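A short worksheet on the structure shown next.
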Amino acid sequence: MDIITGIDHIQIAAPPGSEDEARKFYGELLGMKEIPKPENLAGRGGCWFLCGSQEVHIGIQKDFMPAKKAHPGFTVNSLRQLKSRLEEADYEISEEPPIEGRSRFFTHDPFGNRIEFLAFE
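Residues in the sequence shown are numbered from 60 upward in steps of one, following my numbering.
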């Protein structure tokens, strides 16, 4: 019996007042489209983005601590192009051993959260 049918969204924590920085990184740099938060949640701060058919929710956390091990893994069309774009924006890239059938690298968002990017070969 299949109970879980997919992933609707992931939530990534960020410190208070960081929405503009999140929009620059996730929206402008990574090219995710910002989507409106429901009215009943808008007062909590943060911002939401569309990533394929899933959503990425940037949630504000009062006592924020970045995720150092836990991370989302985003699939991309061109790792080389994204890597260059991130390096030009002064984001440090961490090369990791490939996973069979996938190339990948890591970086950190502006808040220190670990982020993985993958391309299927």
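Cβ atoms here follow ideal geometry from the backbone N, Cα and C, with glycine treated the same way.
None of the values given here were measured: they were computed from a predicted structure.
Report task. Determine the DSSP secondary structure at F84, reduced to helix, strand or coil. Result -> helix
Report task. May I have a chain-ordered list of the alpha helix (DSSP H) segments no shorter than 4 residues that lie completely inside the segment 122-154? Result -> 138-147
Query - Option nearest V135 by Cα separation, candidates D61, N172, I71 and F165 - result: F165
**Report entry** Presumed contact (8 Å Cβ cut-off) between S162 and L177, rounded CB distance
**Finding:** 7 Å
Query - Neighbour-count burial assignment, I174, 16 or more Cβ in a 10 Å radius - result: With 16 or more other Cβ atoms inside 10 Å of its own Cβ, I174 counts as buried.
Query raised in the report: Given E114, which residues of its chain have a CB within under 6 Å of its CB, disregarding the five upstream and five downstream residues?
Result: H68 and W107
Requested in this report: Grab the span of the alpha helix (DSSP H) containing E180 for me, first residue to last.
Outcome: Neither: E180 is in no alpha helix (DSSP H) and is coded neither H nor E.
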